[in-house]
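*Asks:*
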Amino acid sequence: MRTIRRGGEHEIEIRRSRFICALARVGDEDEARAFIAERRRLHWNAAHNCTAYVLGDDGRIQRSSDDGEPSGTAGVPMLEVLRHRGITDAVAVVTRYFGGVKLGAGGLIRAYGNAVSAAVDASGVLERRTLPVVAVVADYLRAGRLESELRVSSHRVLGVRYEADVHIDVAIEEADLPGFEAWLAELTGGHALCEVQGSTTIEVEP
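Read in UniProt numbering, the sequence shown has 134 at position 134, and its numbers run on one by one without any break.
#1: Check whether chain D comes within 8 Å of Asp30, counting only Cβ atoms and requiring the distance to be less than that.
#2: Tell me whether the beta-carbon of Val125 lies closer than 8 Å to the beta-carbon of Thr3.
#3: Please go through the same chain and pick out, in chain order, the residues whose beta-carbon is closer than 6 Å to the beta-carbon of Val137, but skip the five residues on each side of it.
#4: Less than 8 Å between the C-beta atoms of Val94 and Ile172, yes or no?
#5: Counting only the same chain and skipping the five closest in sequence on each side, list residues whose C-beta sits under 6 Å from that of Val116.
#6: What are the partner residues of Asn49, as DSSP defines its beta bridges?
#7: With distances taken from CA atoms, which of His191, Asp67, Arg41, Thr188 is nearest Tyr112?
#8: For the beta strand (DSSP E) containing Leu42, name the first residue and the last one.
#9: Measure the CB-CB distance between Glu13 and Leu55 and report whether it falls below 8 Å.
#10: In chain order, what are the residue ranges of uninterrupted alpha helix (DSSP H) at least 4 long that sit wholly in the UniProt domain "UPF0029" (137–190)?
#11: Quick one: is His84 buried, meaning 16 or more other Cβ sit within 10 Å of its Cβ, or exposed?
#12: Classify Leu103 as helix, strand or coil using the three-state DSSP reduction.
#13: Where do the ends of the beta strand (DSSP E) carrying Glu11 lie?
#14: For Thr3, list the residues DSSP reports as bridge partners.
#15: Got a sec: does the ligand PLP put a non-hydrogen atom nearer than 7 Å to the Cβ of Ser17?
#16: Under a three-way DSSP split, which group does Val204 fall into?
This is the structure:
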């Protein structure tokens, strides 16, 4: 799955109607509803504030609203853009200020879909990936160089704890695990331990 890089607002105009799409990253339905309520308060005088959101690691929660537009012409095409792009944990609100020209059902479907699509393009997307977490333990003599080398590598340092030894948690691609163990042994002269301990989800460029 993917999610939007950042929240934001993007506007398009179609036959004198303004379509303002606001996007936000959200973690649950309460956050999604709160964002929708905020946008409706901000644009209380708009003709419509139509909404769509997708939540969950597998995008299992999906909701949309036409907010008075003809059924299926606003919320559904908005939701379809998010689904088609594999986006989750995001909410879209498209505010329409009517320009006096009716667009028809097909025109509305295209307009609301295009508004969300343009906003997603402007925001950018990140891919979510689940990676193994490797717990590395090294003594203080070797930990400084080890941490520096890890931070400039393709791996992602998740955290460092200074106890009797130094503990470094690193997210690593599954395919890189055998090579990582060999690299670690060479760098530390075999004086470091590593063990896979669970997994984590990170966001990377698609």
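A virtual CB, placed ideally from N, CA and C, is assigned to each residue, including glycine. What you are looking at is a predicted structure, and each value in this text was computed from that prediction instead of being measured.
*Replies:* According to the data block:
#1: No chain D appears in the structure shown, which is made up of a single protein chain.
#2: Numbered from 1 along the sequence shown, position 125 holds the residue referred to as residue 125. Numbered from 1 along the sequence shown, position 3 holds the residue referred to as residue 3. In this structure, Thr3 lies closer than 8 Å to Val125 by Cβ.
#3: Here residue 137 is taken as the residue at index 137 of the sequence shown, counted from 1. Here the set comprises Asp165, His167, Leu193.
#4: Translated into positions along the sequence shown, residue 94 becomes position 94. Translated into positions along the sequence shown, residue 172 becomes position 172. Ile172 is positioned such that its CB atom lies no closer than 8 Å to that of Val94.
#5: Your numbering for residue 116 matches position 116 in the sequence shown. Its chain contains Cys21, Met78, Val81, Ala92 as the residues whose beta carbon lies nearer than 6 Å to that of Val116, once the 5 sequence neighbours on both sides are disregarded; these appear in chain order.
#6: For the purposes of this step, residue 49 is identified with residue 49 of the sequence shown, where counting begins at 1. According to DSSP, Asn49 bridges with Thr95.
#7: Working through the sequence shown from its first residue, we reach residue 112 at position 112. Of His191, Asp67, Arg41, Thr188, the residue nearest in Cα terms is Asp67.
#8: Against the sequence shown, residue 42 aligns to sequence position 42. Per DSSP, Leu42 lies in no beta strand (DSSP E) segment; the continuous alpha helix (DSSP H) that holds it begins and ends at 29–42.
#9: Counting from 1 along the sequence shown, the entry for residue 13 is found at position 13. Counting from 1 along the sequence shown, the entry for residue 55 is found at position 55. Going by C-beta atoms, Glu13 is not nearer than 8 Å to Leu55.
#10: Restricting attention to alpha helix (DSSP H) runs no shorter than 4 residues, the UniProt domain "UPF0029" (137–190) encloses them at 140–151, 177–188, ordered along the chain.
#11: Numbered from its first residue, the sequence shown carries residue 84 at position 84. Under the 10 Å beta carbon count, His84 is surrounded by fewer than 16 other beta carbons and is classified as exposed.
#12: Stepping through the sequence shown from its first residue, residue 103 is reached at position 103. Assignment of Leu103 by DSSP, reduced to helix, strand and coil, places it in the coil class.
#13: Counted from its first residue, the sequence shown places residue 11 at position 11. Run containing Glu11: 8–14, per the beta strand (DSSP E) assignment.
#14: Working through the sequence shown from its first residue, we reach residue 3 at position 3. Answer is Leu126, bridged to Thr3.
#15: This structure does not include the ligand PLP; it has no bound ligands of any sort.
#16: Counting from 1 along the sequence shown, the entry for residue 204 is found at position 204. Strand, per DSSP.
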